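S.K.: My questions all concern the structure below.
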Amino acid sequence: MKNLIVAKFGGTSVATFEAMSRCAEIISNEPNIRVVCVSAQSGVTNRLVRLTKADVTLDERAQLISEIKEIEYAIVDALGRPEWVCLALNNLLNELTAVANSENLVGSMQLKDQIQSYGEQMSSLLFAEVMRQKSVHAVNFDIRQVLKTDDNYGKAQPNIEQTRLQAEKLIAPELEATVFITQGFIGSDDQGQTTTLGRGGSDYSAALIAEALHAQTLQIWTDVTGIYTTDPRLTQAARPIPEISFDEAAEMATFGAKILHPATLIPAVRSGVGVFVGSSREPDVGGTWILNKVENKPPYRAIALRQDQTLVTLKSPNMLLASGFLAKVFAILAEYKISIDLVTTSEISVALTIDSPTNSTVTGLNQVVLDKLAEFCEVKVEEGLSLVAVIGNHLQANSGVGGKLLTALENFNLRMICQGASAHNFCFLTRAQDAGKVVEHLHEALFDAI
Ligand code: ASP
Ligand code: MG
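When we follow numbering that gives the first Met the number 0, the leftmost residue of the sequence shown carries the number 0, and every step to the right adds one.
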C-alpha cells in the first residue's frame, strides 16, 4: 500500500479505556494508518516478569494475577463486556494462570517469554474491540505468524527475510480493507514457540513491521510530545526537537534517552522509513521527526543521561610495551557477553564502563568475570557513576567544543572523558549525585544561550 503508516502505541497510551479511545481517535483521523502495534497496558509486563521469578510466593502470584485481571477488566467493562471479548480474554487469563503455576516456569526461558507475551495479547484484543466500536474494520492479528525470530528467548533476534515474506503474504493483501491491530514485543521462532524482543521491544517490533511492509512512516505514540533536548524531568529548560537525524537519535537512544528502544532505528535506517514520535494525549502538539536527512545539523542537539554506570579500571605493569593486553580483556568480556560503552587507555591501564542491567537487557558485571580479569591484572571497580552524553554533529571537527563543555563543568569532577570515535557524541562520567546538576549546567551553556 502506498503511503502506509504503521503506528505504535506504548503502555501508557493504552493503559485505560480512555487512553485507548484517544489512540483510536488518532487512527480514525488518519486513513493511512493500517497497522497498529500495541504494548501491554502500563504495569502489566512488570507484573508478568515478576511472576517468572523464583522467589514469588503463592500469595504474591495470586495477587499479581488479580491485579492484571483488574487492569484488563476495567477496559472490558468500559467496552460493555461484549461476550466474545470476555471469552477470549478469559482464555488468555486462564492460559496465563496455568503457565504462572507451572513448575517448569522458573527454569524455562521459553515459558518466561510465553508469560510475558500475554500483556500484549490482551492489549491488542481489547484495542481491536475499541476500534470496532468506532465502526472501523479492525482485526486483532497475531503477529507471531509474521514476526519470525531466532530462539534466543528474552532477547530474540528477528529474521528479517522471513518476516518480510510473512508480512507480504498475510498482511499486505488485506491492507486496503482492514486495520490490523497487533502486538508489539512478541514474535515466534522456527518451532512456533513464542519469543520476546526484550523489554521495551514494541518500538522495535513496529519498526520491523514497517520495514517488512515498505511503510512510508512509522509513528511512535507515547506519553511525551517527542524528543527533547534533554529529559524534561532534569531541567525545565528542556525543549522539544522538531527534527533530528537517524544518527543523532540512535546515539540518544543508546545513551539513555528512554524515548525509543535502541534497536528501533536499525530497521528504519535500513528501509528509510521516516519515524515520528508524539504524545497520544496531545496529538495536535506535534512531536519529533527522525529522518535520514535533516536540514539543520547543529553542533549540539541534546544531552542524554544514563544512570548506574560501573567503571572498571584494569592495570597491568606488563602492559608496558606489551601487545595483546586489550585483546585479552575484550575476549573475556565478549565470552561473558558483557558489552562495553566507553574506553580510555593509558600506558599501563585501561578504563572501561559497563551499563547496568537495570537500564537495558545487557548482562551485568559479575564475580566470575572479575576473577578471570584479576588473573592477569589489577582490577578496580567503581559504582555510583552516571554517563552524560552530549549529542550533536561534527563534534570532532568543530573548534571549541571541548573548551565549551569543560568550562561549563569546571566545578564538577569528571571521571572519564571520551570523544573522537563518533562525530555525534561527547561522553563523560560523573558522580551520580552530581548528574542532575551537570545536565542542568550543560543545558544552560549549550542551549539556553542560543
Ligand atoms: N510490554 C513490553 C515492556 O513493557 C514491551 C513494550 O512495552 O515495549 O517491556
Ligand atoms: Mg516503551
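Using N, Cα and C, we set each Cβ at its ideal position, and we do this for glycine too.
Just so we're clear, the structure is a prediction, and the values are computed from it rather than from any experiment.
1) Just to check my reading of the structure: PHE490 and ARG21 have Cβ atoms closer than 8 Å, yes? What is that Cβ distance to the nearest angstrom?
2) According to DSSP, simplified to helix, strand and coil, what is PRO239?
3) In the DSSP assignment, find the unbroken alpha helix (DSSP H) run with SER65 in it and report its ends.
4) Find the nearest neighbour of VAL37 within the set SER338, ILE185, SER315, THR263, judged by alpha-carbon distance.
5) Should ARG131 go down as buried or exposed, given a rule of 16 or more other Cβ atoms within 10 Å for buried?
6) Helix, strand or coil: which one does DSSP assign to PRO157?
7) Rounded C-beta distance between LEU212 and ALA262? I'm assuming under 8 Å.
8) Is TYR203 helix, strand or coil when you go by DSSP?
9) When you measure from the CB of VAL223 to every non-hydrogen atom of ligand 1, does any distance come out below 8 Å?
10) Relative to ligand 1, is the shortest distance from any of its heavy atoms to the C-beta of SER201 smaller than 8 Å?
11) With a cut-off of 8 Å, do at least 3 Cβ pairs link the segment 335-346 to the segment 260-280?
12) Less than 9 Å separating the beta-carbons of LYS314 and LYS379?
13) Run through DSSP, which three-state label would ASN139 get?
14) Going by the CB atoms, is the gap between GLN395 and ALA422 shorter than 9 Å?
15) Could you check whether the Cβ of ALA39 sits closer than 8 Å to any heavy atom belonging to ligand 1?
16) How far does the beta strand (DSSP E) with TYR227 in it extend, from its first residue to its last?
17) Does the distance from the C-beta atom of PHE275 to that of GLN190 stay below 9 Å?
18) Suppose you measure from the CA of GLU242 to the CA of GLU439; what does that come to, to the nearest Å?
19) Measure the C-alpha to C-alpha separation of GLU382 and THR177 and round it to an integer number of angstroms.
20) Taking buried to mean at least 16 other C-beta atoms within 10 Å of its own C-beta, is THR228 buried or exposed?
21) Within the present structure, is the beta-carbon of GLY153 separated from the nearest heavy atom of ligand 1 by less than 8 Å?
22) Taking only heavy atoms of ligand 1 into account, decide whether any of them is closer than 8 Å to the Cβ of GLN115.
23) May I have a chain-ordered list of the beta strand (DSSP E) segments no shorter than 3 residues that lie completely inside the segment 345-386?
24) Rounded to a whole number of angstroms, what is the C-alpha to C-alpha distance between GLU102 and ALA155?
25) Out of ILE226, THR148, LEU50, GLU69, which one is the CA nearest neighbour of LEU110?
M.R.: For this structure:
1) Past the edges of the chain, shown from 0 to 449, lies residue 490, and the structure says nothing about it.
2) strand
3) 57-77
4) ILE185
5) buried
6) strand
7) About 18 Å separates the two Cβ atoms, so there is no contact after all.
8) helix
9) no
10) yes
11) no
12) yes
13) strand
14) yes
15) yes
16) It is not in any beta strand (DSSP E) - TYR227 carries neither H nor E in the DSSP assignment.
17) The Cβ atoms of PHE275 and GLN190 do not sit closer than 9 Å to each other.
18) Computed Cα separation, rounded: 22 Å.
19) 52 Å
20) buried
21) no
22) yes
23) 348-353
24) 24 Å
25) LEU50
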